[in-house]
Amino acid sequence: MNAERLVAMANDIARYFASEPDHAEAVAGIGTHLRRFWEPRMRAGLIAHWRATGGEDLHELAREAVARLAEG
Numbered sequence: 000m001n002a003e004r005l006v007a008m009a010n011d012i013a014r015y016f017a018s019e020p021d022h023a024e025a026v027a028g029i030g031t032h033l034r035r036f037w038e039p040r041m042r043a044g045l046i047a048h049w050r051a052t053g054g055e056d057l058h059e060l061a062r063e064a065v066a067r068l069a070e071g
């Protein structure tokens, strides 16, 4: 799956969690969703995009969640 599609999907998830009033919970929720429902190749592709571009085009919440995923 290409990075553009992965970014679009991650941004959709982030927009859903953006209604969460607690910023940290929103970021954690996105990370949990990505770990539970995305296959490892998809997560790896999104992390590679984040590393290569600094998270260009990612929603702020998604960018933070991907950074946490990349840390392990």
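Position 23 of the sequence shown, counted from 1, bears residue number 22 in numbering that gives the first Met the number 0, the numbering being contiguous throughout.
Heads up, the beta-carbon is just placed ideally off N, CA and C, and yes, glycines get one too.
According to DSSP, is asparagine 10 helix, strand or coil? When secondary structure is reduced to three states using DSSP, asparagine 10 falls in the helix class.
Taking only the alpha-carbon atoms, compute the straight-line gap between arginine 67 and alanine 13 and give it to the nearest angstrom. Approximately 14 Å between the Cα atoms of the pair.
So what does DSSP say about histidine 48, is it helix, strand or coil? In the displayed model, histidine 48 falls within a helix according to three-state DSSP.
Check whether the Cβ atoms of asparagine 10 and leucine 57 lie closer than 8 Å to each other. In contact: asparagine 10 and leucine 57 (Cβ atoms closer than 8 Å).
How would you call arginine 34, buried or exposed, if buried means at least 16 neighbouring beta carbons within 10 angstroms? Exposed: under 16 other Cβ atoms inside 10 Å.
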